[in-house]
Amino acid sequence: MLPAVLLLIAALRITLLLRQRAVLRTQDQAYAMGVVTQRVGQQLWQQGWPLLLLGLMPLLKGSEPLLLFVLVTAGWFWELPPKAYKPFGLDARHGMNRMSVAAFLREQAIKLVLFAALALPAAWLALVLIEHTDKRAWLAIWAIGWGAWAGLRWLQPRYVAPLFDKVESLPAGELRSRLESLLTRSGVRDQRLFLLRASARSAQANAQVSGSARAPRIVLGDTLIGLLKADEIESVVAHELGHIQRGHLRFQLLMIGAASFATVMIAAALTAGIAEPVAKLAIAWALLPSLWFFALPLANYWYRRFEFEADASAARHASGAALARALRTLTRNNRNAPIADRWYERVYHTHPATSERLDRLDKVGT
Numbered sequence: 033m034l035p036a037v038l039l040l041i042a043a044l045r046i047t048l049l050l051r052q053r054a055v056l057r058t059q060d061q062a063y064a065m066g067v068v069t070q071r072v073g074q075q076l077w078q079q080g081w082p083l084l085l086l087g088l089m090p091l092l093k094g095s096e097p098l099l100l101f102v103l104v105t106a107g108w109f110w111e112l113p114p115k116a117y118k119p120f121g122l123d124a125r126h127g128m129n130r131m132s133v134a135a136f137l138r139e140q141a142i143k144l145v146l147f148a149a150l151a152l153p154a155a156w157l158a159l160v161l162i163e164h165t166d167k168r169a170w171l172a173i174w175a176i177g178w179g180a181w182a183g184l185r186w187l188q189p190r191y192v193a194p195l196f197d198k199v200e201s202l203p204a205g206e207l208r209s210r211l212e213s214l215l216t217r218s219g220v221r222d223q224r225l226f227l228l229r230a231s232a233r234s235a236q237a238n239a240q241v242s243g244s245a246r247a248p249r250i251v252l253g254d255t256l257i258g259l260l261k262a263d264e265i266e267s268v269v270a271h272e273l274g275h276i277q278r279g280h281l282r283f284q285l286l287m288i289g290a291a292s293f294a295t296v297m298i299a300a301a302l303t304a305g306i307a308e309p310v311a312k313l314a315i316a317w318a319l320l321p322s323l324w325f326f327a328l329p330l331a332n333y334w335y336r337r338f339e340f341e342a343d344a345s346a347a348r349h350a351s352g353a354a355l356a357r358a359l360r361t362l363t364r365n366n367r368n369a370p371i372a373d374r375w376y377e378r379v380y381h382t383h384p385a386t387s388e389r390l391d392r393l394d395k396v397g398t
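Following the working numbering, the numbering of the sequence shown begins with 33 at its first residue and continues without gaps.
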């Protein structure tokens, strides 16, 4: 049953990949085509890990937390090759990568330490739950995992992100004054504007927002600031602020909780016939990224809807015309495809195609 499920997911992924590549080929989008191929290829590679564990299952006996920890950590190393290919293969070939090998290795070492610090106690706790709480174990495992994810998400902007990227206060000047004026008229009480040295990593430009509606943490990449005009940057910040004002971050938390619950329960059902606790948990953990494929269409439907709502919010609080110009510039700079295959988009895209967003902005009076 389990291999058949993985084979089905692989077949669906390959079908969607071929459809998207056909669309991109007509647009002469070489980099976007490479990104799609790398993404799906990484996921197919990831699916090989639970299959390998199935083959090793006769050796995975007992209930030692250390063995489970070793297997989970080995899965982390399994995923490294396609992760390294993205910056040093695909991005480097198209002039998008600016990260050195030393910086990549340092970043991965930090991630490994953080992962291990969480994985060891999690392995012990999961085994205790499986051995002593029977069917309720999976509910407890899901609740603890979702709570840990929510906690890390809260800690990430202030404590985790600075371990990987240089973030500093946005310098005083005309741009900062303009953005502070936007935040004031948007009802923001605490103004926290930061500059991210994104150019040390990539040529792509982006912005991020986290926190609450009254005290958001807004981070602008130096690549974004160097690329867009002041009114366009203002419209991008208004868009990011719209996500918080419309309650998207809270909804996302609940949506991820519901989707992860369903995914964990499916993993539990698929591994129900495995008697050995270590094998059961190791294979269930390895299955989660693949099973998440079934949650993607619904989750990404809402994410795309959020983008339209944030665009409309930006048009009200800043300028829809400036946002449209920014979207065109960012699509061109980041080498994103303006059009996508409809089925690939429904499964994989968190953002609508640029052409769709521009059409919506025209309708709200740009």
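Even glycine gets a Cβ: it sits at the ideal position worked out from N, Cα and C.
Counterpart residues of residue i in DSSP-defined beta bridges
i    : result
R224 : R249
G243 : P248
Between the CA atoms of residue j and residue i - distance to the nearest angstrom
i    : j    : result
Q240 : A158 : 34 Å
M65  : Q74  : 14 Å
R45  : R378 : 12 Å
M33  : R221 : 54 Å
L161 : S95  : 11 Å
Q79  : F109 : 14 Å
L323 : Y333 : 17 Å
F293 : E308 : 23 Å
A247 : L215 : 10 Å
P329 : H383 : 12 Å
L122 : Q70  : 8 Å
A290 : W186 : 19 Å
R389 : A354 : 13 Å
A193 : G205 : 25 Å
A134 : A182 : 31 Å
S231 : P321 : 30 Å
Q59  : A369 : 8 Å
I257 : G352 : 18 Å
I306 : T105 : 21 Å
P35  : L83  : 7 Å
H177 : Q188 : Checking the displayed sequence, the identity of residue 177 turns out to be Gly instead of His. Answer to the nearest angstrom: the Cα atoms are 16 Å apart.
L150 : M131 : 27 Å
R53  : F120 : 22 Å
E212 : N129 : 32 Å
S209 : K261 : 14 Å
R336 : A148 : 34 Å
R392 : G243 : 27 Å
L137 : A116 : 9 Å
Q458 : A344 : The first residue shown for the chain is 33 and the last is 398, placing residue 458 beyond what the model contains.
K93  : I41  : 28 Å
L85  : K312 : 10 Å
T398 : L171 : Note that T398 scores 46 on pLDDT, short of 50, meaning its location in the model is unreliable; the coordinates nonetheless yield the value given after this. If you take the alpha carbons of T398 and L171, they lie about 48 Å apart.
R190 : Q223 : 15 Å
A62  : R367 : 9 Å
I142 : V296 : 27 Å
Three-state class that DSSP yields for residue i in the structure shown
i    : result
G94  : coil
A151 : helix
S201 : strand
S234 : strand
N368 : coil
R278 : coil
D373 : coil
N229 : With the sequence shown as reference, residue 229 is identified as Arg, and Asn is not the correct amino acid for it. If DSSP states are grouped into helix, strand and coil, R229 belongs with coil.
Q61  : coil
F293 : helix
A346 : helix
A354 : helix
P384 : coil
S209 : helix
A399 : The structure shown has nothing for residue 399, since the chain only spans 33 to 398.
K395 : helix
S218 : coil
T165 : coil
L260 : coil
M287 : helix
Nearest-angstrom beta carbon gap, residue j and residue i [assumed within contact, 8 Å]
i    : j    : result
R51  : Y376 : 6 Å
V67  : L49  : With 8 Å as the limit, V67 and L49 do not qualify as a contact, their Cβ atoms being about 11 Å apart.
L228 : D263 : Wrong, their Cβ atoms sit about 21 Å apart, outside the cutoff.
L225 : I265 : About 11 Å; that fails the 8 Å criterion.
A299 : A327 : With a Cβ gap of about 12 Å, A299 and A327 do not count as contacting.
H126 : R217 : So it is not a contact: roughly 40 Å between Cβ atoms.
G274 : A358 : With a Cβ gap of about 14 Å, G274 and A358 do not count as contacting.
A346 : A270 : 4 Å
P97  : A155 : 5 Å
Problem - alpha helix (DSSP H) runs wholly inside the segment 306-344, at least 4 long, in chain order - result: 309-323
Practice task
Return the chain-ordered ranges of every alpha helix (DSSP H) run that is complete within the segment 72-146 and spans a minimum of 4 residues.
Solution key: 97-110, 112-117
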